[in-house]
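Data first, discussion second: the structure below is written as C-alpha cells.
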Amino acid sequence: MTAPQESAPPAVVVVTTVDTPDRAESLAAAAVEARLAACVQIVGPVTSVYRWQGAVEDAREWQLHLKTAEERYPALEEWLLRHHDYDTPEILATPVTGGSSAYLRWIAEETAPDAG
Numbered sequence: 028m029t030a031p032q033e034s035a036p037p038a039v040v041v042v043t044t045v046d047t048p049d050r051a052e053s054l055a056a057a058a059v060e061a062r063l064a065a066c067v068q069i070v071g072p073v074t075s076v077y078r079w080q081g082a083v084e085d086a087r088e089w090q091l092h093l094k095t096a097e098e099r100y101p102a103l104e105e106w107l108l109r110h111h112d113y114d115t116p117e118i119l120a121t122p123v124t125g126g127s128s129a130y131l132r133w134i135a136e137e138t139a140p141d142a143g
C-alpha cells in the first residue's frame with residue numbers, strides 16, 4: 028500500500044512585458060527578492076502589436092513569466108502596478124492546473140511572506 032500523495036499548493040503564472048532587457052532583469056530580480064515570485068523567466072525580444080489611444084502600434088518587448096503561489100497573486104499584482112513603468116501594464120494570471128508537486132511546493136515555500 029502506498030502513502031497518499033500530499034496535494035500540491037495552487038500556483039499561478041503571471042505574464043507582463045517591459046520595453047528593455049535591463050528593465051526585465053531588474054523587475055524580475057526585485058520580484059524574487061520581495062518573495063512575490065519564486066522564479067521569473069525572461070523571454071524576448073518579442074514583437075507586440077496592439078491598439079493604444081486609437082492607433083495601431085508595435086513595439087519590441089521582453090516578456091516576464093513570474094511563478095507565484097495563488098495566495099500571493101494579489102500582492103504581486105499590486106506590486107507590479109506600483110513598480111511597472113507602463114501606464115497600463117499587461118498583467119495576466121493563469122492558474123496552474125497541474126505540474127510537479129515538488130516544484131509547486133517549492134513555489135509556495137519561496138513566496139511565503141515569512142520565509143527566509
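Numbering (my numbering), first residue to last: 28 to 143.
For each residue, glycine too, the CB sits at the ideal point set by N, CA and C.
Per DSSP, what are the beta-bridge partners of Ser75 in this structure? Along the sequence shown, read from residue 1 onward, the residue named residue 75 stands at position 48. According to DSSP, which records beta bridges pairwise, Ser75 is partnered with Ala86.
From the DSSP secondary-structure annotation, give me the bridge partner or partners of Thr47. Within the sequence shown, numbered from 1, the residue matching residue 47 stands at position 20. Paired residue(s): none; Thr47 is not in a bridge.
Strand pairing of Pro122, partner residues [DSSP]: Against the sequence shown, residue 122 aligns to sequence position 95. In DSSP, Pro122 forms a bridge with Val39.
I need the boundaries of the alpha helix (DSSP H) containing Thr138, first residue and last residue. Here the question's residue 138 lines up with position 111 in the sequence shown. Per DSSP, Thr138 belongs to the alpha helix (DSSP H) from Ser128 to Thr138.
Decide yes or no for the touch test of the stretch 107-114 against the stretch 38-58: beta carbon pairs closer than 8 Å, at least 3 of them. yes
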